[in-house]
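In terms of our numbering, the sequence shown opens at residue 3 and continues consecutively.
Ideal Cβ placement from N, Cα and C applies to all residues, glycine included.
Given the structure is predicted, the values throughout are model-derived calculations rather than measurements.
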Amino acid sequence: MKKPEKNKNVVSKNENKTTQKLIWDDIAVFLAIARHGTLSAASLRMGTGIATLSRHIDRLEKALGVPLFLRQQSGYTLTREGCDLIEKAEAMESAALALTSDAHFSEQVSGTVRLATAENLATGLILPNLTKFQATHPNILVEVITNISTVNIHRHEADLAIRMVKPQRGNVSFRRLGIMGYGLYASIDYIRRQSSSAEYGSHENAAFIAWSDMFAHLSAAQWIERILRGRRPSLVTTSLTAQISAATAGLGMAVLPHFAARNAGLVCVDSDIGVDQPIYLVIQSDLAQSRRTRAVADFLSELIIDNREVLEG
Numbered sequence: 003m004k005k006p007e008k009n010k011n012v013v014s015k016n017e018n019k020t021t022q023k024l025i026w027d028d029i030a031v032f033l034a035i036a037r038h039g040t041l042s043a044a045s046l047r048m049g050t051g052i053a054t055l056s057r058h059i060d061r062l063e064k065a066l067g068v069p070l071f072l073r074q075q076s077g078y079t080l081t082r083e084g085c086d087l088i089e090k091a092e093a094m095e096s097a098a099l100a101l102t103s104d105a106h107f108s109e110q111v112s113g114t115v116r117l118a119t120a121e122n123l124a125t126g127l128i129l130p131n132l133t134k135f136q137a138t139h140p141n142i143l144v145e146v147i148t149n150i151s152t153v154n155i156h157r158h159e160a161d162l163a164i165r166m167v168k169p170q171r172g173n174v175s176f177r178r179l180g181i182m183g184y185g186l187y188a189s190i191d192y193i194r195r196q197s198s199s200a201e202y203g204s205h206e207n208a209a210f211i212a213w214s215d216m217f218a219h220l221s222a223a224q225w226i227e228r229i230l231r232g233r234r235p236s237l238v239t240t241s242l243t244a245q246i247s248a249a250t251a252g253l254g255m256a257v258l259p260h261f262a263a264r265n266a267g268l269v270c271v272d273s274d275i276g277v278d279q280p281i282y283l284v285i286q287s288d289l290a291q292s293r294r295t296r297a298v299a300d301f302l303s304e305l306i307i308d309n310r311e312v313l314e315g
């Protein structure tokens, strides 16, 4: 008996599953939950019901065919597949934001935007490239605040910030842009003096430039403290500029960002000391749709992403 001919126009279930389209709303919900850790927090951030968010994630996981979160009583934790999706999802987010950035009317955007950032990023990367932004947005005044230890985004002390610490609370939105790489650096003269010593290569008798107690929370300060093991440092400072100047003068070795240290002509003694830090763009949620704030945020995002390799070192 002849078997009926298979209808070529019928798509199999597996084919239909693999060709299911991704929906941007699902990606946006995925990012919100990944950033805030719970459905309830993401719900408050997006103004959408918990049940709706859950359906978005279920649909996205079905479309991709992989689990993106571990559902626990304490919240949602990214799976390995979820972690792999973050960077691609953020790229989609940037593209979506660019479509609504009103670039055609950029000359009409005006006002002041207060940016809080680390001194090394301000002087070494942002300020040297700010003329490009001013050419596109001549009516936006950028106020750069480098004393970020006293700036609180949530209390409206700044409109947005570039930070090395992930925000844990507050009415803010944030995005990871890259990594700030750190290494152990010294001047050529200091290395020459050390190389003539019989104990060259050992940290036990090397001179280290440390941070004052008020900056003990810094990863670089903690690394130096562990290496010193109670020994006195050669110098204590309260700013990155002073650290670089001291190292350049041959006063000892310092833990410094790769791009800042290399710009100063210092030599890397150890390129991987385990204190690299993520770079986050943080914006007041109330200002996320402000055209002037978004213009500055887009400029900073593009600048840091374009210089990722330099910053990572």
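Look at Gly77 here: in three-state DSSP terms it is strand. Contact between Ala44 and Leu55 holds, since their C-beta atoms are separated by about 6 Å, short of 8 Å. For Asp272, the enclosing beta strand (DSSP E) starts and ends at 269 to 272. With contacts defined by Cβ atoms closer than 8 Å, Ile193 and Ile281 do not form a contacting pair. For Met48, the uninterrupted alpha helix (DSSP H) segment begins and ends at 41 to 48. Each residue's CA atom was taken as its position, placing Arg73 and Thr79 some 7 Å apart. Under the three-state reduction of DSSP output, Thr119 falls in the strand class. Gly84 sits in a helix when the DSSP states are folded into three classes.
As far as DSSP is concerned, Pro169 takes part in no beta bridge. Taking the C-beta atoms as reference points, Ile59 is found nearer than 8 Å to Ile35. Around the beta carbon of Thr240, fewer than 16 other beta carbons lie within 10 angstroms, which makes this residue exposed. Of the residues assessed, Met255 falls on the buried side of the cut-off, its CB having 16 or more other CB atoms within 10 angstroms. Distance check between Ser236 and each of Leu24, Ala188, Ala91 places Ala188 closest, using alpha-carbon atoms only. For Phe176, the enclosing beta strand (DSSP E) stretches over residues 174 to 182. Between Ala93 and Trp26 the beta-carbon gap is near 12 Å, outside 8 Å, which marks them as no contact. Judged by their CB atoms, Ser303 and Ser96 are nearer to each other than the 8 Å cut-off. Short of 7 Å from the beta carbon of Ala91, and not among the five residues preceding or following it, lie these beta carbons of its own chain, in chain order: Ile29, Phe32, Leu33. In this structure, Leu162 is the residue among Ala120, Gly39, Leu162, Arg234 with its C-alpha nearest to the C-alpha of Thr295. By the Cβ test, the region 128 to 139 is not in contact with the region 262 to 276, since fewer than three Cβ pairs between them sit closer than 8 Å. In this structure, DSSP gives Gln224 a helical state, which the three-state scheme calls helix. Following the DSSP letters along the chain, one finds Glu314 inside the alpha helix (DSSP H) bounded by residues 310 to 314. Distance from the CA atom of Gln136 to the CA atom of Lys168, rounded to whole angstroms, is 29 Å. A distance below 8 Å separates the beta carbons of Ala212 and Val238. When only Cα atoms are considered, Arg195 and Val146 end up about 40 Å apart. Rounded to whole angstroms, Ile275 and Leu186 show a C-alpha spacing of 7 Å.
Val146 carries a strand assignment under DSSP once its states are collapsed to helix, strand and coil. Excluding residues up to 5 positions away in sequence, Thr148, Ser241, Leu242, Thr243 lie with their Cβ nearer than 8 Å to the Cβ of Glu121 in the same chain. Between the C-alpha atoms of Asp278 and Ala262 there is a straight-line separation of about 14 Å. When the beta-carbon positions are compared, Ser112 and Ala290 stay at least 8 Å from each other. Around the CB of Gly315, 16 or more other CB atoms lie within 10 Å, so the residue is classed as buried. Between Ala124 and Ala160, the C-beta spacing is not below 8 Å. For Thr133, the enclosing alpha helix (DSSP H) has its first and last residue at 129 to 138.
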